[in-house]
Every structure is written in C-alpha cells, then in structure tokens.
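Just so we're aligned, residue 564 is where the sequence shown starts under the numbering used here, counting upward by one.
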Amino acid sequence: MKAIKFLLTTTLMLAYLCSVNAQGLYIEPGVSYMMPSTNEVLGPKNQNVLTPGSEIYSNVVGSYGAGTSLDLTVGYMLSRNFGVEIGTSYVLGNETLIEEFTDGSSYDRSYATNQRLTLSPGFLVDAGGETFSPFARFSLLIPVAGQTDGFRESNAPVMVSSSIPLLFPTANGFEATSIAKGEFSLGFNAAFGLRYQLNDMVGIFASVGYTGLRIARKSYEVPGAILKFEDGTELDVLPLLAIANNGSASDIYAYEEYVDELSAEELAALQEQGINDYNENPVDYPDVIDNAVFLAELAGAGSSDNVYTTYGSKDLPALKTRQDVSFSTVNISIGARFLFGGGNNE
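This is the structure we're talking about:
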C-alpha cells in the first residue's frame, strides 16, 4: 500500500512539473515482465530423503528478482536524440521455489516472494524518427524499499526436524513464515527498444532489457511457526526453533542478523549472554512447550540451555556471516510515452 501511494504521489508531482515547465519533458508509464537471467543456486532439491541409500541430490536454480514491474519514468529531451530521466518501479515478485525435499508424497518446500521499490536515474538515446524510432536507455538501479517474504510447508514434520515425531507424534504438518531484508545495494539497467509515435503527443514502445542486481541479506525473521495435528488443531512452536542449535550455519532462529565476520569466541559469549538474560527475565511458556523440551532433553535431542534463551530474538539477534543473492533478470517492457512541449528537440 505504501508503495502504491508513493507511485501515485510521484505521478502527481511529475504532472505538476510538466505543467510548469513542459518544454522537452516526457512521461512513460509502463509494465515489465521480469524473467530470471541466471542459474544461480537458490537451495537444495533432494529426493528420497527418508529412504537412506536412495537419496538423489540436486539444486534449485533461478533468481529472486523474477516477477512483474509497474514502471513510471519522467525525462527531459536535451536534444532530438539524447535525454536524461529518472524512473521508479514497484516490483511484484513471483513465488519462487528455493528449497525442496521429497520422498514419495511427503514433502518439505520453501518459497520466497520479493517486493521492492526502486529508483533508476539514467539517460535515453533515441534515433529521433518521426514514426518508428529505435532507442536505448541505461540507468543506475537503486532499491529504496522492499523485503522478501518466505513460506515453508511440509506434510512430513520429520523432514523439518527429526525430534518432532518424538515430541509430537501426532503432528502431520508444519508451516512457517519468514521476512528477509537486505543491505543497501546498487545495480544497473540496460534496455533496447522501438517506439511508434501515434501523434505529436503520444507514442507507444516495447523493449527488451537486462537488470543486474545482487542484494546482501541484512536480517532474517521468522514471525510464525506452527505444527498441525491429525485432529485439526495447531500449536505455535516458534519457541522451539532454537532446539539443538549449536551455532552452525544451518541453525534457524526467530531473528537473525548478518555480519562480515564472526569468531567462535564472540558467538559463545552471545549465547551465554542470551541464557543469562533469560534467567533474569524468564518467560512463561505453555506447558506443552515445557513438556516437549523436557522430552527432548531426555532423548538427547536438545537442551533447555538452547531453548530458554534470548539469543536469536530481536533483543539479542543471532549472528551469521553475510550472504548475497541474485535479483538479476531479463525484462520485456511495454508502455506509452506522453510528450509535452514538443519533446524531441531539434
């Protein structure tokens, strides 16, 4: 909603500027379909994971950037063939499979959907044709807002954690949501297209372009995690995310932040601080959670020192080393150009 308000506000501001100083100005609303341009590994794709000795290992490949983009560009033609412009785009990302584990009809799958708002200052080179005119545009890409929403679902909770069948033998489903936010990043756009001028004021265009963008992860949050049971009930198991955590890269916490470097001594100190902070201000968990932790300790599947801690919360984020992911795409765009004051100057 905020992004839509931003686009509407930008449109009104641009319209006002055009009415004040129209000579050489143009506005281009458009839409783009964005396809992955890389085969970067997003995560594992493993089969027969519950059948030892028959596993098949592969990877999910693609890009987080694929989706549909709503575009709005305002520019000024300095001459018949050259102009400067700034564009804004709101990207509605596709739901992208990033991890998959299967065995027959059993599965554990994770998806990600990215939404982002970007600015693109750049320049336009136009052949200046009266009716048909080839053009090229190049711009810097600046993401100004956005996040990647994740969703994980499984109809075999044992794939999520081998301790779940022990703690909750009647559980037959697992779901979790996540929110990933990125560091400030810069990318670039390049596009080549053809414009058809309908009259002195209005033209239409189509183009093919490339977006190059990588974003390093800044934070990762799991706001919800539930187990589903055979009788239709559900249980919030977010407090159990830290069970059996030992500081490895595969551990999952309710809240994580990313750093360039992390020492074992620093990690141990933070984990100890989390236990001490909890002991000073304990939380009353439901009995079913306390009982599950107790069973896990008896079975050697976890420790209350791992669960009863503030480490991995917003008050004391779990730390992991930084990683970046690809948002690069190939784009097909269509739109219209509205000229004010003659646009293509001689």
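Where is the CB? At the ideal position from N, CA and C, for every residue including glycine.
Ranked by how close their Cα comes to the Cα of D887, the residues G898, G837 and V822 have V822 in first place. Within the same chain, Cβ atoms closer than 8 Å to the Cβ of I767 are found at R758, Y759, L761, I897, G898, A899 and R900, the five residues on either side in sequence being excluded.
In the three-state reduction of the DSSP assignment, V800 falls in the coil class, being assigned neither a helical nor a strand state.
By the CB criterion at 8 Å, L801 and F737 fall outside the cutoff.
Each residue's CA atom was taken as its position, placing G691 and P697 some 8 Å apart.
Annotation: the continuous alpha helix (DSSP H) that includes Y841 extends over A827 to E843. From the listed residues L798, A719, R700 and E824, the smallest Cα separation to Y773 is found for R700. A Cβ-Cβ distance of about 7 Å is found for the pair F645 and F686, placing them in contact under the 8 Å criterion. Checking the DSSP bridge columns, you'll see Y759 partnered with F695 and I767. D887 sits in a strand when the DSSP states are folded into three classes. Contact annotation: S626 and S595 have beta-carbon atoms that are not nearer than 8 Å.
Residue environment for D634: buried (at least 16 other C-beta atoms within 10 angstroms of its C-beta).
Nearest Cα to M640 within the set Q610, I590, L803 and A817: I590. Residue state for V822 is assigned as strand, using DSSP reduced to three classes.
Between the beta-carbon of I778 and that of F890 there is about 6 Å, and that keeps the pair under the 8 Å contact cut. Counting along the chain, L730 sits inside the alpha helix (DSSP H) bounded by residues I727 to L730. Here the C-alpha atom of R780 lies approximately 44 Å from the C-alpha atom of M764. The C-alpha of L655 lies about 28 Å from the C-alpha of K877.
In the displayed model, N854 falls within a helix according to three-state DSSP. Using a Cβ distance threshold of 8 Å, M722 and V612 count as a contacting pair. Nearest neighbour of V893 by Cα position, chosen from E820, T631 and N735, turns out to be T631.
Boundaries of the beta strand (DSSP E) around E784: R777 to F792. DSSP, read as helix, strand or coil, puts P720 in helix. Excluding five sequence positions before and after P845, the CB atoms of its chain that fall closer than 8 Å to its own CB belong to Y871, given in chain order. When rounded, the separation of the alpha-carbon atoms in R672 and S741 is 13 Å. Here L749 is exposed, its C-beta having fewer than 16 other C-beta atoms within 10 Å. DSSP links R672 through a beta bridge to E663 and E716. With respect to the C-alpha of D689, the residue from G638, G606, Y653 and T651 having the closest C-alpha is G638.
Per the C-alpha coordinates, the member of E663, G787, S782 and D853 positioned closest to T884 is S782. The Cβ atoms of G650 and N677 do not sit closer than 8 Å to each other. Of T636, V624, Y818 and L660, the smallest CA-CA separation from A743 is found for Y818.
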